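Residue numbers (full-length UniProt numbering), protein chains in the order written: chain R, 1 to 215; chain Z, 1 to 509.
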């Protein structure tokens, strides 16, 4: 007997006492919890996102669509970045105001190549206000997962309010599980030393979020 | 099973006895657990529907366990359809053999690991080492444990028993032997220690060809795996290598993508007291040109189906490994994680280890007693595991023995050694309570000899009476008093107050 069959047989014997009433999954339990917490206007939801991002040490910036290129150029300059990783589908206008060397996202590059890049600029798939979370789904304007992992400085652009939802349940509804997802809530951190939170371990130690409004 | 029991581990009382005398350990644990307790309470208070989320989490897990065969098969189908390969491991040895073979097939002799309870449980690092494969732990706390040749003492923070000074010393002393040495003049500030770990592990991440992980959740419907983490070491291991091997217990399934909306709210708040942990990765099979191109999922039983067969104990399989129960437990706070003799310490470990491993060893037979039954663990559990209920159930198993399932077969275990006096006392009580005449004679004898009763108990009872008053036997047994006074109706003194011999304190004067 294969281990697969062995384990499945053990499972069936173990739950033999449980009546199989055939209750379908949809009616098997109550989802008595809330779809979102509290009643907020759209503007308040965006404010909450900014507040929670900042609470976990992300640096939050606000601008209009017209100011975006200048904002990104300023952030890269302030950081002193010489190179920036660029997802294949990033709107070229976003980087129109900077002279920093572009490093296109490429499957041929090794992780060590990427380690020499100073910054990365991406869009996101959705942002969750209640938890201060950005979700990346590998779409062309976000690139491969490693692109936002190896460089130490990540600038993430969120279109507000279109990309902002209130809650985790609403966020999951918008996401496609077939895509590889990265949920980011603040810069890399650890609680491993005396259960106290310290920012900055392996992921980007600086996370800058640009909330861009009006297009 | 191998790997699960630390060899030569003494029973909990002896191990705890040593631990509570270690002042540094107690200070470290007290500091850490009290820090996280207050934070968790705040994080939970932020969501008004915590009770409903907890109930939904419990019901989703129960429904999954009741239909586990169906969901396992569905998961296998969806992972396979998404480009992954599914392996099944009945026990630790089989899982270790599968992973070792998969690593060897890549031609590599080193792997990077994300912190995983399942691989700790099966002793994977030791099994790989024996085959000449070096496994690098990349979680900060696991790194501290690995470099210090130590054992983990907490589910979430395996090095919780170490303070910053000890961590500094371990890094300064050991990092050089494993790769890049710690920076000169390393201090004990947490930020500097984190920086040292970043530099030390960077080169390992960048050259790694094989990553090994566990998973917090597996979604049957979509074949998606989920890893919840903080540092980014998880993302490194899950995305940079060419081959990813995930070893996951079969109980980690949830039916649908939507079910994650419950656990992604309850897990971070329960474990690190955060609204959301810094990084969560989800992946479904493989993605062309992004991340590992070879993905293997090893589904691990290793005592889980035996646990599932126990009608009371199976609720332990709802556990999402948040470790909130460790942080609130007064016994864990004082004894520390090592005393539990298992990778699963604390209240959840006290019910999980004796079920996964059986109650055959001294340490496992003692674990159900490693609790004051105060119930704080149940209160904080985000999937409402009634840990005290299972503890009492397992104590009964240890004392009385009885039918259990081991490696899929129904067997009858004998009562554990060391409980003979308790069993004799219970037998005597059963005999006496079922014979009213004997009970009455015994009670009268006790009442008449009460003047000679000692104030402390002799023999093994002495420890009990050291800190407690031995109850006084009344001058007249209750049943005699009831019969004589017809329930108190004819037992009034002249001034109308009730007298009676049942008041032991008065009669003793």
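Even for Gly, the Cβ is constructed at its ideal location relative to N, Cα and C.
Keep in mind it's a predicted model, so treat the numbers as computed, not measured.
Opposing strand residues paired with residue i [DSSP bridges]
i, result
"residue 370 of chain Z", "None, per the DSSP bridge assignment."
"residue 113 of chain Z", "Z:137 and Z:212"
"residue 283 of chain Z", "Z:225"
"residue 300 of chain Z", "Z:89 and Z:249"
"residue 510 of chain Z", "The first residue shown for chain Z is 1 and the last is 509, placing residue 510 of chain Z beyond what the model contains."
"residue 382 of chain Z", "Its beta-bridge partners do not exist; DSSP assigns none."
"residue 42 of chain Z", "Per DSSP, none; premise fails for residue 42 of chain Z."
"residue 122 of chain Z", "Paired residue(s): none; residue 122 of chain Z is not in a bridge."
"residue 218 of chain Z", "Z:225 and Z:253"
"residue 196 of chain R", "R:193"
Among the options, nearest to residue i - alpha-carbon criterion
i, options, result
"residue 299 of chain Z", "Z:81, Z:69, Z:46 and Z:41", "Z:69"
"residue 348 of chain Z", "Z:380, Z:360, Z:46 and Z:435", "Z:380"
"residue 55 of chain Z", "Z:402, Z:384, Z:476 and Z:210", "Z:384"
"residue 273 of chain Z", "Z:449, Z:129, Z:20 and Z:44", "Z:44"
"residue 150 of chain R", "R:99, R:141 and R:203", "R:203"
"residue 123 of chain Z", "Z:480, Z:410 and Z:342", "Z:342"
"residue 280 of chain R", "R:176, R:50, R:26 and R:191", "Past the boundaries of the shown model lies residue 280 of chain R; chain R is included only from 1 to 215, so the question cannot be answered."
"residue 460 of chain Z", "Z:420, Z:487, Z:446 and Z:431", "Z:420"
"residue 216 of chain Z", "Z:119, Z:302 and Z:18", "Z:119"
"residue 304 of chain Z", "Z:297, Z:356 and Z:338", "Z:356"
"residue 83 of chain Z", "Z:179, Z:198, Z:195 and Z:293", "Z:293"
"residue 296 of chain Z", "Z:362, Z:309, Z:236 and Z:211", "Z:211"
"residue 367 of chain Z", "Z:346, Z:89, Z:179 and Z:64", "Z:346"
"residue 76 of chain R", "R:101, R:91 and R:162", "R:101"
"residue 285 of chain Z", "Z:488, Z:326, Z:18 and Z:76", "Z:76"
"residue 196 of chain R", "Z:12, Z:469, Z:33 and Z:437", "Z:33"
"residue 199 of chain Z", "Z:182, Z:213 and Z:191", "Z:182"
"residue 510 of chain Z", "Z:129, Z:377, Z:260 and Z:302", "One cannot answer for residue 510 of chain Z here, as it falls past the ends of chain Z, which runs 1 to 509."
"residue 126 of chain Z", "Z:146, Z:402, Z:107 and Z:409", "Z:146"
"residue 154 of chain Z", "Z:178, Z:117 and Z:169", "Z:117"
"residue 481 of chain Z", "Z:469, Z:453 and Z:444", "Z:444"
"residue 64 of chain Z", "R:44, R:59, R:22 and R:41", "R:22"
Cβ neighbours of residue i in the same chain (closer than 8 Å, five flanking residues each side left out)
i, result
"residue 170 of chain R", "35, 36 and 128"
"residue 81 of chain Z", "223 and 285"
"residue 206 of chain R", "59, 79, 152, 153, 154 and 187"
Close beta carbons around residue i, own chain, < 6 Å, minus the five adjacent residues each side
i, result
"residue 156 of chain Z", "271 and 323"
"residue 167 of chain Z", "144 and 193"
"residue 74 of chain Z", "220"
"residue 199 of chain R", "57, 187 and 189"
"residue 96 of chain R", "69"
"residue 201 of chain R", "188 and 190"
"residue 163 of chain Z", "28"
"residue 446 of chain Z", "473"
"residue 139 of chain Z", "115 and 233"
Buried versus exposed call for residue i [16 or more other C-beta atoms within 10 Å across all chains shown]
i, result
"residue 87 of chain Z", "buried"
"residue 372 of chain Z", "exposed"
"residue 39 of chain R", "exposed"
"residue 353 of chain Z", "buried"
"residue 121 of chain Z", "buried"
"residue 92 of chain Z", "buried"
"residue 458 of chain Z", "exposed"
"residue 152 of chain Z", "buried"
"residue 144 of chain R", "buried"
"residue 211 of chain R", "buried"
"residue 42 of chain Z", "exposed"
"residue 94 of chain Z", "buried"
"residue 3 of chain Z", "With a pLDDT of only 40 at residue 3 of chain Z, under the threshold of 50, the placement of this residue in the model should not be trusted; the figure read from the coordinates follows. Buried is the call here."
"residue 464 of chain Z", "exposed"
"residue 149 of chain Z", "exposed"
"residue 265 of chain Z", "buried"
"residue 456 of chain Z", "exposed"
"residue 276 of chain Z", "buried"
Beta-carbon contacts of residue i that lie in its chain and below 7 Å, excluding the five residues immediately before and after
i, result
"residue 406 of chain Z", "306 and 358"
"residue 239 of chain Z", "291"
"residue 15 of chain R", "none"
"residue 423 of chain Z", "399 and 415"
"residue 390 of chain Z", "312, 313, 315, 316 and 351"
Cβ contact (3+ pairs, closer than 8 Å) linking the stretch 93–111 of chain Z and the stretch 238–252 of chain Z:
yes
Three CB pairs or more closer than 8 Å across the stretch 10–27 of chain Z and the stretch 185–197 of chain R
No contact exists between the stretch 10–27 of chain Z and the stretch 185–197 of chain R.
So, does the stretch 133–141 of chain Z touch the stretch 106–114 of chain Z, judging by three or more C-beta pairs under 8 Å?
yes
Measuring CB atoms only, is the stretch 304–319 of chain Z touching the stretch 22–33 of chain R, in the sense that at least three cross pairs come out at less than 8 Å?
Two segments are said to touch when three or more pairs of C-beta atoms, one from each, lie closer than 8 Å; by this definition the stretch 304–319 of chain Z does not touch the stretch 22–33 of chain R.
Three or more C-beta pairs closer than 8 Å, one from the stretch 16–24 of chain Z and one from the stretch 109–125 of chain R: is that the case here?
no
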